[in-house]
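Notes for the one structure printed next.
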Amino acid sequence: MSKKYSKYFNTRATRQTQPIPNRNMVPNSAGGFAFSVDDWVRLDRFLILGSEGSSYYASEQELTVKNAKAVVRCIKTDGVRVVNRLVEISQAGRAPKNDPALFVLVLCSKFGDLATKHAAFEAFNQVVRIGTHLFQFNEEVKGFRGRGRWLKRVNTAWYNSMNADRLAYQAVKYQQRDGWTHRDVLRLAKPVPPDAAHNAVYHWITKDELIENAPTILKGVEEIRILKKVPAKAKVAAKLIREYKLPREVVPTEFLNSIQVWEALLEDMPMTAMIRNLATMTRIGLIKPMSKATKLIQSRLTNQNYLTKARIHPIAILSALKTYAQGHGERGTNSWEPVQSIVDALDEAFYLAFKNVKPTGKRWVLGVDVSGSMEWGEISGIKGLTPRVAAGAMAMITAKTEAEHVITAFSDQMVKVNLSHTKRLDEVLDTLAQISFGGTDCALPMVWALKHKVKADVFVIYTDSETWYGDIHPVQALQKYRDKMGINAKLIVVGMLSNGFSIADPKDAGMLDIVGFDSAAPALMSDFVIQ
Ligand code: CA
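Have a look at this one:
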C-alpha cells in the first residue's frame with residue numbers, strides 16, 4: 038500500500054510550513070514553523086546582537102519591544118542572574134556593542150527586586166566603563182525613572198570611585214554623547230569630591246577653570262587649546278600631545294592634517310581609536326608602505342594580548358577591514374590608498390580577536406544561509422555588513438581552525454560559493470554580497486550531505502531560522518542523516534538575528550544554539566563538539 042494519509046501527517050518528514058506533529062513549534066515570520074528559544078537564550082541574543090536596524094521580517098521597534106519583554110520576564114524570574122549575565126558578556130567584550138548591556142542594566146534598575154537593584158549598583162562600574170557609557174545609560178534611564186536616589190548614588194559612585202587621573206582622561210576624551218556632557222551628569226548627581234584632585238576635576242568640568250591639584254592632563258588641554266592656526270605650531274602640538282598623553286579629541290582641528298601630530302597621537306593611542314583612524318592616518322601619509330608607523334600598527338593589530346585587553350570585538354575589526362580595503366568612506370568624498378600590509382594585519386586581527394580555540398579534529402559541515410532575508414539589515418549599524426556576509430565571516434573562523442571542513446551555502450537550493458579558508462575576509466565579503474536572493478530551506482546542508490554520503494560529525498548552520506521552503510524540517514533531516522549514515526552528528530545553530538526562533542530542537546542534547554558574533558562562539562562550539 039502506498040502512503041496515503043501519512044504522506045501528509047507523519048513525524049519523520051514534515052513540510053516546513055507545518056509543525057512536526059506533537060512537537061511544540063511556533064510559526065516563524067516566514068510562514069514556516071520553528072522551535073521558539075527560551076527567554077534566557079533570547080537575553081543572550083539581545084545582549085550580543087542587539088536589535089539595531091530593521092530585519093527582513095521585523096522593524097527595529099518590534100524586535101526591540103519583543104526582546105525587552107523577554108528580558109523583563111527574565112528579570113522577574115531571577116534578576117540577579119540577569120545582572121551577572123550582562124556583566125559577564127560586557128566584561129569579556131563578547132558583544133560588538135555595549136549598548137544592549139546598558140539597556141538591560143536600566144531594565145534591572147527598574148523592574149528588579151531589591152537584590153537585583155543592589156546587584157545592578159554593585160555591577161555599575163564594570164559595565165559603565167567609559168564616559169560614553171555613562172551618557173548612554175543616563176539617556177536610556179530617562180525612559181524609566183526620575184532622578185531618584187538610586188540614580189544619584191550610581192552616578193556619584195562612578196565619579197568618586199575612579200582614580201582622579203583616569204577620571205580627568207575620561208573628561209577630556211569622552212566629552213559628550215546623546216545630548217549629555219559630564220557637566221550635566223555632575224550637576225544632577227552633585228557628588229561630594231573625596232579629595233582635592235577630584236575636586237579639581239569637577240571644578241574644571243563644571244566651571245571650565247583650572248585650579249590647584251588638577252591632574253596634569255588638564256593643564257595639557259589648556260595649553261593645546263590656545264595654540265593658534267600656524268603650521269609651525271604643529272610641532273608644539275605634537276610635543277604637548279607626547280608630554281601630557283593627550284587624546285585626539287582635544288587636538289584643535291587645524292592640526293589634524295599633520296603627520297607630526299598623528300605620529301605623536303599614535304604613541305599612546307588606544308586600540309579602538311587606532312582601528313577607527315586607519316583611513317585618516319593613511320590619507321595624511323603617516324601610514325604608507327614600510328613606514329615605521331605602519332610597522333608599529335601592524336604589530337599592535339596582530340598582538341592578541343592588546344586586542345583582548347582593549348576588548349576589541351571581531352566585528353569592529355571586520356567593519357574596519359571592509360571600509361579600509363575599499364579605499365573610500367561610505368559617505369563623503371574621503372578616499373585613500375589602502376596599504377596592503379594593514380589589510381593583511383586586519384585580516385589576522387579578526388581571527389585573533391576571538392577567544393582562542395584549539396582544533397577538535399572533527400569533521401565539520403558549515404552551512405551559510407544566503408537567502409534573501411539574510412541580505413537585509415545591518416549588523417551593529419555597520420553599513421553593508423548584512424547577516425549574510427557576517428555569517429560567511431563567522432564560518433571562516435571554523436574553516437581556518439579545523440582541517441576537516443566543507444563550507445556550503447544554501448537558500449531554497451544549495452548555492453555554489455567560491456569560499457575557502459585561504460581567502461582573505463574582504464574577498465569573502467565580496468563573494469557573499471554578490472549572491473542573488475532566494476527562499477530558505479535550512480534542512481539542505483543535511484539533505485546534501487546525506488545525498489553525497491559526506492561524513493560529518495557536526496553541522497553548523499548560520500541562519501535567522503526563518504526557514505519555510507523545504508519538505509522536511511531541519512531536525513528531521515538531521516535524524517535521517519544520523520540513521521542512514523550511522524553517525525550521531527550534532528547540529529549547531531548560529532543565530533544571526535535577535536529573534537525568538539531556532540531550528541535547533543531544545544530537547545535534543547546533540548543540538549546547540551549559539552549567538553552569532555559572540556566572540557566566545559568558536560570556543561563554545563568546539564567545547565560542545567568534543568564533549
Ligand atoms: Ca530567509
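Using my numbering, you'd call the opening residue of the sequence shown number 38 and step up by one each time.
All C-beta atoms in this analysis are idealised placements derived from N, C-alpha and C, irrespective of residue type, glycine included.
Here the structure is a predicted model, which means the values were calculated and not measured.
How long is the line joining the alpha carbons of residue i and residue j, rounded to whole angstroms?
| i | j | result |
| --- | --- | --- |
| F554 | M533 | 8 Å |
| L462 | N236 | 49 Å |
| F161 | V191 | 7 Å |
| A205 | A301 | 20 Å |
| S457 | I85 | 27 Å |
| Q55 | K40 | 18 Å |
| A251 | N197 | 15 Å |
| A427 | I57 | 31 Å |
| F172 | H219 | 8 Å |
| W299 | E176 | 33 Å |
| F158 | D221 | 21 Å |
| A316 | V258 | 25 Å |
| K106 | F181 | 14 Å |
| K527 | V495 | 5 Å |
| R79 | F565 | 20 Å |
| M311 | A514 | 47 Å |
| T438 | L422 | 23 Å |
| D384 | V465 | 11 Å |
| S202 | K189 | The amino acid at residue 202 is misidentified as Ser; the sequence shows Asp. Spanning the two alpha carbons is a distance of roughly 22 Å. |
Kindly list the residues whose CB is nearer than 6 Å to the CB of residue i, restricted to its own chain and excluding five residues on each side of it in sequence; keep chain order.
| i | result |
| --- | --- |
| I509 | A50 and A480 |
| Y506 | D449, G476, T477 and D478 |
| F83 | N104, P137 and S535 |
| I567 | T397 |
| V63 | S73 |
| K282 | D305 |
| E286 | K210 |
| A275 | Q297, V298 and A301 |
| V484 | A514 |
Which residues does DSSP list as the beta-bridge partners of residue i?
| i | result |
| --- | --- |
| M62 | Per DSSP, none; premise fails for M62. |
| Q213 | T218 |
| G180 | For G180, which the question treats as bridged, DSSP gives no partner whatsoever. |
| K527 | V495 |
| M548 | L528 |
| A71 | V63 |
| H442 | W401 |
| D406 | F447 |
| V452 | A446 |
| T500 | G532 |
| F538 | S73 |
What residues in its chain sit with their C-beta under 7 Å from that of residue i, if we drop five residues either side in the sequence?
| i | result |
| --- | --- |
| A486 | V402, A493 and Y518 |
| R60 | none |
| A362 | P375, V380 and D463 |
| P424 | M411, G414, I416, D501, M533 and L534 |
| K134 | G87 and S417 |
| Q212 | T218 and E286 |
| F391 | P351, I434, S556 and P559 |
| V109 | L144 and F148 |
Here's the rule I'm using: 16 or more other beta-carbon atoms within 10 Å means buried, otherwise exposed. How should residue i be labelled?
| i | result |
| --- | --- |
| Q53 | buried |
| T114 | exposed |
| I497 | The residue asked about is misnamed: residue 497 is Val in this sequence, not Ile. That one is buried. |
| L247 | exposed |
| V229 | exposed |
| F70 | buried |
| A226 | buried |
| Q207 | buried |
| P231 | exposed |
| R400 | buried |
| A440 | exposed |
| H489 | exposed |
| H365 | exposed |
| K453 | exposed |
| Q98 | exposed |
| K43 | In the sequence on display, residue 43 carries Ser and not Lys. Looking at its Cβ environment, which holds fewer than 16 other Cβ atoms inside 10 Å, S43 is exposed. |
| Q335 | buried |
| G429 | buried |
| V102 | exposed |
| Q516 | buried |
| F538 | buried |
Within a Cβ cutoff of 8 Å, which residues of the same chain sit near residue i, ignoring the five residues on either side of it in sequence?
| i | result |
| --- | --- |
| Y239 | Y196, L223, P228 and P230 |
| L139 | V164, V165, H170, Q173, F174 and E177 |
contact_flag[the region 389–397, the region 319–329] where n(CB pairs < 8 Å) is 3 or more: no
Meets three-Cβ-pair contact criterion under 8 Å: the region 341–349 and the region 290–304: no
Cβ contact check for the region 346–360 and the region 127–136: 3 or more pairs under 8 Å: yes
Three-pair Cβ contact test at 8 Å for the region 417–433 versus the region 371–386: no
The region 93–113 in contact with the region 541–559 per 3-pair CB rule at 8 Å: no
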